[in-house]
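Inspection log for the structure reproduced underneath, given as structure tokens.
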Amino acid sequence: MATVLERLEGEHATLTHTHQVALEEIKALTVERDALILERDTTRQERDTAIQQRDRYHRHREALRAKYGDTGTMSESGTQDTTIGGAPPAAPAAPLRAPGTVSLSTYQSLLAEVRYYEDVLAQHAPDVPR
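Each residue of the sequence shown is one higher than the last, beginning at 1 in full-length UniProt numbering.
Here it is in structure tokens:
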């Protein structure tokens, strides 16, 4: 009778230990699963933010096109014309600008902003079409 009782106590201890190990593995897997869910949600938020930035960029670009016309042309040397609207560059000494044109510095700052949004979009959502 004592040997049966000892054997049952040994089996109970083994099962208790196995149960504890299984619970710890479940806890570890739960933590890993939660981390993956958080990473997935973060990736979705980054993608959604990039899409919103892209859409804001497109709306901004269209507003500029509506206000100033076409975005100008690149010269053979790779420099941008000083006006927006496709008109030839104004003479440097002209103090007043023609309607529908902006200064080169204004155009360059707008172009830098556009490039910034393109870089953000490419970094956070490379699979999103532009």
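A virtual CB, placed ideally from N, CA and C, is assigned to each residue, including glycine.
When you compare each of the options to residue i by their alpha carbons, which one comes out closest?
i: V120; options: Q52, R40, R65, H60; result: Q52
i: L110; options: R61, A125, A66; result: R61
i: P126; options: D48, R65, R7; result: D48
i: L64; options: G10, L8, E25, E113; result: E113
Roughly how many angstroms separate the alpha carbons of residue i and residue j, rounded to a whole number?
i: S75; j: A50; result: The pLDDT assigned to S75 is 45, lower than 50, so where the model puts this residue is not dependable; a value taken from the coordinates is nonetheless given after this. Between S75 and A50, the C-alpha separation is close to 32 Å.
i: L5; j: V21; result: 24 Å
i: Y57; j: T42; result: 22 Å
i: T30; j: E39; result: 14 Å
i: I37; j: L15; result: 32 Å
i: K27; j: R7; result: 30 Å
i: A35; j: G10; result: 38 Å
i: A2; j: R33; result: 46 Å
For residue i, which residues from the same chain have a beta carbon less than 8 Å from its beta carbon, with the 5 sequence-adjacent residues on both sides left out?
i: H17; result: none
i: G78; result: Only weak support is given to the placement of G78: the predicted model assigns it a pLDDT of 48, under 50, and the question is left unresolved by the model.
Enumerate in chain order the residues of its own chain whose CB-to-CB distance from residue i is below 6 Å, with the five nearest sequence positions on each side excluded.
i: H124; result: E46, A50
My assumption, with CB atoms under 8 Å, is that residue i sits in contact with residue j. Please give the rounded CB distance.
i: Y116; j: R54; result: With a Cβ gap of about 12 Å, Y116 and R54 do not count as contacting.
Short of 7 Å in beta carbon distance, which residues of its chain neighbour residue i, apart from the five on each side in sequence? Order them along the chain.
i: H12; result: none
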